[in-house]
Amino acid sequence: MKVKVISRSTDEFTRERSQDLQRVFRNFDPSIRTQEKATEYVRALNAAKLEKIFARPFIGAMDGHIDAVSCMAKNPNHLKGIFSGSMDGDIRLWDIATRRTVCKFPGHQGAVKGLAASTDGRILVSCGTDSIVRLWNVPSSSTMESNDSSEKSVQPLEEYVWKNAFWAVDHQWDGDRFATAGAGVQIWNHNKSAPEKTFEWGTDTVISVRFNPGEPNILATTASDRSIVLYDLRMSSEITKLIMRTRNNSIAWNPMEPINFTAANEDCNCYSYDARKLNEAKCVHKDHVSAVMDIDYSPTGREFVTGSYDRTVRIFPYNGGHSREIYHTKRMQRVFCVKFSCDATYVISGSDDTNLRLWKAKASEQLGVLLPREQKRHDYNEAVKNRYKHLPEVKRIVRHRHLPKPIFKAAALRRTMIEAERRKEERRKVHSAPGSITTKPLRKRRIIKVEE
Amino acid sequence: MADTKRKSGDNHSNRKKGKKQKTSSTQRDTNRKRRGPRLPSQLRKQLDRLNPGGGGDGSSSGSDVDERIESDEGEVYVGNDVYEYEEGVPEEESQKNRRFDRVENLEYEMPDEFEDENLSSDDDNEGDNAKGVSSGDEVEEDDDGKHSRMLQGITGMPGEAFEGKKKKSNTTLVTEAYAESEYNPTSDVLDGHGRISVEDLLDPLRNKSGYSKLKKRVHQMERKSNHTQAPLHKAERERLERKAAYEQSNKDSVKWVPLIKRNREAGTLIFDNDVELGFSTVGAIASEFEPRTEFEKKIASLVHDDKVMDAHQKDGSRLLELNQVSAEDERDRQNRIAKLRSLLFRHEMKSKHIKKIKSKTFHRLLKKDRLKAASSEYEIDPEAVKELARKHEYERAKERMTLRHKTNSMWAKRIKERGLNAQDEGTRAAIAEQQHIHARLTRKMNSMKDTSSSEESSDEDESDEDSPGEQDRTSRLLDEAKQKTLKVLNEEDEVPNSGLLSLPFMVRGMKKRNEVAAEEAKLALEDYESLSKQLEGSSRGESPKVGPSSGRMVFNAAGKQQAPRSSKTKSDDRTKADGLYDASDSENDLQTEDNNEDGDIVRNDSQQDINIDPSLLHEVLNGHQDGLFKSFDDIVKDPGPKTTHEVSIFASGTWKKVKTGNDQVKGGNNDASKKKSPVAVEPVSEKQDLQETGKEFSEDSDSESEGQMVDGILFSGGPKASSYELPSQAELIHQAFAADNVEDNFEKHKQEILNEENPEPEKPVLLPGWGQWTNVQQKKGLPSWMVKEHDAAKKKREEALKKRKDAQLKHVIISEKLDKRAEKLYTRTLPFPYSSKEVFEQSIRMPIGPEFNPATVVGALNRPEV
């Protein structure tokens, strides 16, 4: 005879503190829980709805410039500082936390076209249409905080005059070189008044330049001859050139994948390329309805943000064809520059209306310090939503966005046009000799050629 | 590469001169090659000195103009012309010619690139010039003409490249105004035909020592020297460079691929894993060390003493000086060490000596001292106290196990035999000590046990409390049980002489029962004995103490109430015991062991058994107070296995109600027995009923199955299958499934489904007075609109049926019903990353919520991507 006695040791069941949770035992046998899937589906639905309810992405605008914001740079060494340059030659350092100007860098005569900060966050490089590269000492964070009531202004550390106007500048990761783009590409050193090296391939203006954060010696430029050119400083030569049908306004390397970059194109799309295989885009990111002006990758490498001439900011997954998020306000005009913050939590956009705008990267994210239980809850909601995202109802709720009427209409028009083009092509194909007309996939269609 | 370009440049300059010129140009080239930048200036000067007028030395500076003109043909002629014979030339020439023919062809292949070539050749020129200058040959020569000749000689370019003298064609005869010297070069020299070969330069050295060696070396050099290709033009070159660079960078970037792959496949990217761990090497840690305690500071001050540091950094020789120790110090040190050593030695010797001492008293005293010291220590240290407590506990447990200090060791027994008084004082003290230890340890144990099981001790008799150890107790229990059973056996002889039990049939029944009980009691006794033997074996034949006679453990509760009971109740008691034994026997032997080991548990067990018994409920409902008599009746009626139940019921029932039961027994026995007799039968009958019904069920099922079997046989067998004809396959099948009309069934089923999905319109019902007057209704029947509506509905249904996908398919049902609620839970198409439906379904099969998963997994399941 076996006697079964309920035995519970007091050690396991006494709480150490009164706030501790009582220990609960559950039977996880799925056969006695037949409704769990349905339960989770409903939870997913609720999570999706809650996400919509709590979506408040806009945090605030940073007002101060008196002309359109043309460029921005984030400080790699200081999380809440961001530099912005405007078309009237004004450069400001903002404190994101307080959303105020901390410091001004006066000196440029024409528009500031490029800003870049060194990796240690001490030196800011600016250039513009006045053909001067200026190096600035960035005030340390402690001084910034001590007298935040008054705006300081800083004198430039160095001024290097060059022959032609500049369009862009970018700083090398972990080095003291920076590259400017204008009539050609110049590689500068902090300490030299003339460029170390100049690259010229073709005669057209280079409009953007970006160093590869993973491979500090590789940089990419886009030019107004619709080309994307890659350079390698180790070999001190151009590597390759890709010519597309429309020009690329900006380019960004994936910080986690040093071989991949994404180019923001005039034709409303962004194209992700593998630097080793340029004859075909890895992914085409469609959704904007006007030229994409700027692009910046999240430090996680999983997302990037784009600013467009259609007055919207969108966030794309690095491998997704469509955006997961669109930000717009009534007052935001053409967006000229966007940046992801260094902690991947915020997005900053600078636009034609002289303002910088601060957005959350995840529209419904709860900011501030979360309790572990809250964190768990959020994680669970996210996971459940992710699991059932393919089901029609969840999908509908998650995907739904309210759009400004002009963008909605433009998108519809664009869709119609694309559809019409497709139909036409199809018919042409049907009515011509088989094999005479081939449709190229979209990933290849916009590429003219790859030059060596 | 560069060379080819240069050559093509030459070609360009020479083109106008015709074909003849071409060969000469190539010759020149070879000469130039041969001379190259290696031309030593000293040789050259010598040469000039030797042939100032140019007389017959055709090859060196090209003295004779006419000859020069003729000598366009090549150096073969030149070689012949010289007054001094040359050996090595012809072979080399042949080689050269062969080699350079190829180059000529190449030149013709790309005539378009003139412009660029000129440009690039210019570059090359400069380069070569630089080379020439660097070799430092022509520093002294400042004349323009000489310079140009030099250039010519070195670069192999025609004069045109440097000055406008190209027009001095070979066909025109040019007379020189001045005698030829190094300041007045002849025209052909200017043209580049007055080539000086290495051989020429070597000639004067002929008779000198080491000439042959030099010659050999020159020869070797010529053989080995490769001509370089002319450079490609810039665009091409850059393209190639870029291509190479691209390939290189691609090759470099391969290293990222596995990393990227891993990142992409990772469920979660964690970004804080490269936390700065600080210093990894000992050196780094040591360098960051800062003295904090005084000792450390002292050491640091010594170590970081300026003098020491300085000495250390220089060469360390001064360290020795710093390290000097005075003789006194050294002596002191030695003395100290010697002292310590001697102390150590003495201590060793002492301990050895102590070890050798055999006196036990001494050792005991020693031990006592040690303990005392330890105890004083314990008072201070809580850790030590804990340790001590543990040690004591262990000792206690050991004592309990071994009973070492009980007076049953050989030594103690012998002393006992001889008598304590005969012993000396020490032995007596030792015995007393031992007993004291034993008492202490066991006392401690008893107190512990009391706290642990209070209810047990309340049940126990005073004899229990006396028992020293567990084994003692169990053995005593066994003894008690034995005694009890023996008593019961003896009591059997007492036959009740009055009342119901004195009736003859009762007596007979009792006897029978008693016999059975006696047998069982004997069995139990045997069991007890074997068990006690075992126990004794373990406790080294400890003599069991027999406690005062009292109720057996099992019947303690009843035993206490034994005093007012009559002999009848005693017999009840016995029957109870029997019942219990029966029950235990029927279950298993193990339980008897349990029985013996712990009475309480046995009791509980028996109670549980009783509770399980289904008939008990019935009995309880009928009233507990009657239990006694029921049991008697049962005993009387059938003493078989059933009695066990009843008795046990009785036992349980009477635990609390025994007194009242007894009262009633004393009161009206007969009435009660009469009353109860039918009641007692009831459970049995019920049981039987149940069994019967069970049987019926089984029979029914049996019969059914049989029927089915029969059917099956009918289906499968069939009358025709057994006939001799060989039917066709189709027929066979048809026959085989003749009875189970599958098709009909299917049709019916399909019809049902169709009706369900497209329900038939209801027939119009005539409600009297509804829509029309009743009389009109009676006359006209249904109103026309109703009929019409019905017809329309019918038609609609038919159409719907026709439209169905399975309308034409006889053997198929295609359900067109869509569950709108379920639709929400399905995707229209397979979502992108999944390749098949199964995979997708698998991916969402298991829930991830905290309610459905253990807490350890939930975190992993819900972890976000970044």
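One line per chain: the protein sequences are B and G, in this order.
Sequential numbering from 1 applies to the first sequence in full-length UniProt numbering.
Sequential numbering from 1 applies to the second sequence in full-length UniProt numbering.
Using N, Cα and C, we set each Cβ at its ideal position, and we do this for glycine too.
Worksheet item: With 16 as the cutoff for other CB atoms within 10 Å, does Phe-261(B) come out buried or exposed?
Response: buried
Item to complete: List the residues of chain B that Asn-250(G) touches, going by C-beta distances under 8 Å, in chain order.
Response: Ala-275, Arg-276
Worksheet item: Taking buried to mean at least 16 other C-beta atoms within 10 Å of its own C-beta, is Ile-196(G) buried or exposed?
Response: buried
Worksheet item: Hey, how far is the Cα of Pro-434(B) from the Cα of Ser-70(B)?
Response: 50 Å
Item to complete: List the endpoints of the continuous alpha helix (DSSP H) containing Ala-397(G).
Response: 382 to 402
Discussion item. Taking the alpha-carbon of Lys-824(G) as reference, which of Ser-9(B), Arg-23(B), Ala-38(B) has the nearest alpha-carbon?
Written reply: Ala-38(B)
Worksheet item: Which word fits Lys-780(G), buried or exposed, when buried means at least 16 other C-beta atoms lie within 10 angstroms of its C-beta?
Response: exposed
Discussion item. Cutting at 6 Å between CB atoms, please list the residues of its own chain near Pro-850(G), excluding the five before and the five after it.
Written reply: Val-858
Worksheet item: What residue does the beta strand (DSSP E) around Ala-117(B) start on, and which one ends it?
Response: 112 to 117
Discussion item. Helix, strand or coil for Thr-4(G)? Go by DSSP, reduced to three states.
Written reply: Legend: pLDDT at Thr-4(G) = 43, less than 50; position of this residue unreliable, no value from coordinates given.
Worksheet item: How would you call Met-72(B), buried or exposed, if buried means at least 16 neighbouring beta carbons within 10 angstroms?
Response: buried
Fill in: Coil, strand or helix - Thr-306(B) by DSSP
strand
Practice prompt. Please report the Cβ distance between Thr-205(B) and Trp-167(B), rounded to the nearest whole angstrom; I am assuming they are in contact, meaning their Cβ atoms lie under 8 Å.
Written response: 6 Å
Worksheet item: Which residues of chain G have a Cβ atom closer than 7 Å to the Cβ of Ala-383(B), listed in chain order?
Response: Ile-848, Leu-861, Asn-862
Discussion item. Pop quiz: residue 939(G) and His-378(B) are said to be a contact at Cβ under 8 Å. What is the actual Cβ separation, rounded to whole angstroms?
Written reply: Because chain G here runs from 1 to 866, residue 939(G) falls outside it and cannot be looked at.
Worksheet item: How about Thr-774(G): is its C-beta nearer than 7 Å to some C-beta of chain B?
Response: no
Practice prompt. Starting from Pro-854(G), find everything on chain B with Cβ-Cβ shorter than 7 Å and list it in chain order.
Written response: Phe-28
Worksheet item: From what residue to what residue does the alpha helix (DSSP H) around Tyr-297(B) run?
Response: First-last for Tyr-297(B): 292 to 297, but that is the beta strand (DSSP E), not the alpha helix (DSSP H).
Worksheet entry | Local conformation of Pro-864(G) per DSSP, three classes | coil
Item to complete: Identify whether Val-335(B) lies in helix, strand or coil by the three-state DSSP scheme.
Response: strand
Worksheet item: Taking Ile-813(G) as the reference, which of Lys-416(G), Lys-750(G), Gln-729(G), Ala-736(G) has the closest Cα?
Response: Lys-750(G)
Item to complete: Provide the residue span of the beta strand (DSSP E) that contains Lys-241(B), from first to last.
Response: 237 to 244
Fill in: Interface partners of Val-839(G) on chain D, CB under 8 Å
The chain labelled as chain D is not found among the protein chains of the depicted structure, namely B and G.
Worksheet entry | Given Lys-216(G) as reference, the closest of Leu-232(G), Pro-231(G), Ala-230(G), Val-198(G) once Cα atoms are compared | Val-198(G)
Practice prompt. Out of Phe-408(B), Pro-106(B), Val-384(B), state which residue places its alpha-carbon closest to the alpha-carbon of Leu-45(B).
Written response: Val-384(B)
Worksheet item: Residues bridged to Asn-323(B) by DSSP?
Response: Per the sequence shown, the amino acid found at residue 323(B) is Ser instead of Asn. For Ser-323(B), which the question treats as bridged, DSSP gives no partner whatsoever.
Worksheet entry | Proximal chain B residues relative to Leu-825(G), where beta-carbon distance stays under 7 Å | Tyr-41, Leu-391
Practice prompt. Give a yes or no on whether the C-beta atoms belonging to Glu-257(B) and Gly-301(B) are separated by under 7 Å.
Written response: yes
Worksheet entry | N- and C-terminal bounds of the alpha helix (DSSP H) containing Asp-310(G) | 306 to 314
Discussion item. So Ser-237(B) contacts chain G; which residues on that side make the cut at Cβ distance below 7 Å?
Written reply: Glu-241, Arg-242, Ala-245
Item to complete: Take Lys-4(B) and list the residues in its own chain whose beta-carbon comes closer than 8 Å to its own, dropping the five residues that flank it on each side.
Response: none
Worksheet item: Near Ile-431(G), what residues of its chain come up, given a Cβ to Cβ distance below 8 Å and the 5 sequence neighbours on each side ignored?
Response: Thr-407, Ala-412, Ile-415, Leu-420, Gln-423
Practice prompt. To the nearest angstrom, report how far apart Ser-376(G) and Arg-17(B) are at their CA atoms.
Written response: 38 Å
Fill in: Buried/exposed call for Tyr-394(G), threshold 16 Cβ in 10 Å
exposed
Discussion item. Taking the straight line between their C-alpha atoms, what separation do you get for Ser-342(G) and Glu-348(G)?
Written reply: 10 Å
Worksheet item: How would you write the range of the beta strand (DSSP E) that Ile-218(B) sits in, first residue to last?
Response: 218 to 223
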